[in-house]
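Report on one structure; see the data block that follows.
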Amino acid sequence: MDIKTAAQRLHGMEYRDERPYEDVFKEMKDAGLVAVTGASDDLVEFYGAIRDERDIGETLLADGAILESSCPEGEDCPYFRKFAKSAIVLEARFGEMAEPDAPTWTFTIPVEHETFDVMEEGEIFSRGIVFRTSDIP
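Following the working numbering, the numbering of the sequence shown begins with 172 at its first residue and continues without gaps.
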C-alpha cells in the first residue's frame, strides 16, 4: 500500500466511526504508513504504523516515530532539545487556528503526504494526512 491508496481508502471516513477502517489501518501499519486526523477540539489521532493520541499544536517526529523525552526534566532536558532541533514538526490546527474556509482540523508536515477528508454529518470535519514513517529521519 502507498500513501495515495491509503488516503483514497480513508477519504469519506465518518468522524467517531473508525471501526470499518481497522483493516486499512492494519495494512497501513504493515506498510509503514501513518494517518493523522483530529478528534474533538484538542486531540490529534495517529493510526497505522504509529498509534497514539496527542494534544493540539506541534508534534515532533524523529526516526519514524513520535519524539518523546525520557529525561526527568521532560522537554526542558538539554539532550531532548538537541534531538528536537533535527525533528520533523507535524502541526495540527483547529478551528480559528486553521485557514479561513478550511475544515475544522488541518495538518501540515514537511514530508510527502496525501490528504483525505473525515466527515461529520455531511460536512468535512478534518482534512487528515497520510505519510510514510520512512520519510521521518
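Note that the Cβ used here is the ideal one computed from N, Cα and C, for glycine as well.
The alpha-carbon separation between G299 and H284 amounts to approximately 10 Å. Burial is judged here by how many other beta carbons sit within 10 angstroms of a residue's own beta carbon; S211 has fewer than 16 and is exposed. Rounded to the nearest whole angstrom, the CA to CA distance from P308 to G293 is 37 Å. With a minimum length of 4 residues, the unbroken runs of alpha helix (DSSP H) contained wholly in the region 209-271 fall at 249-256. Counting the other Cβ atoms within 10 Å of the Cβ of Y186 gives 16 or more, which makes it buried. With contacts defined as CB atoms closer than 8 Å, W276 and G209 qualify as a contacting pair.
DSSP places V205 in the strand class (E or B) of the three-state scheme. Counting the other Cβ atoms within 10 Å of the Cβ of E193 gives fewer than 16, which makes it exposed. Each residue's CA atom was taken as its position, placing Y218 and G245 some 25 Å apart.
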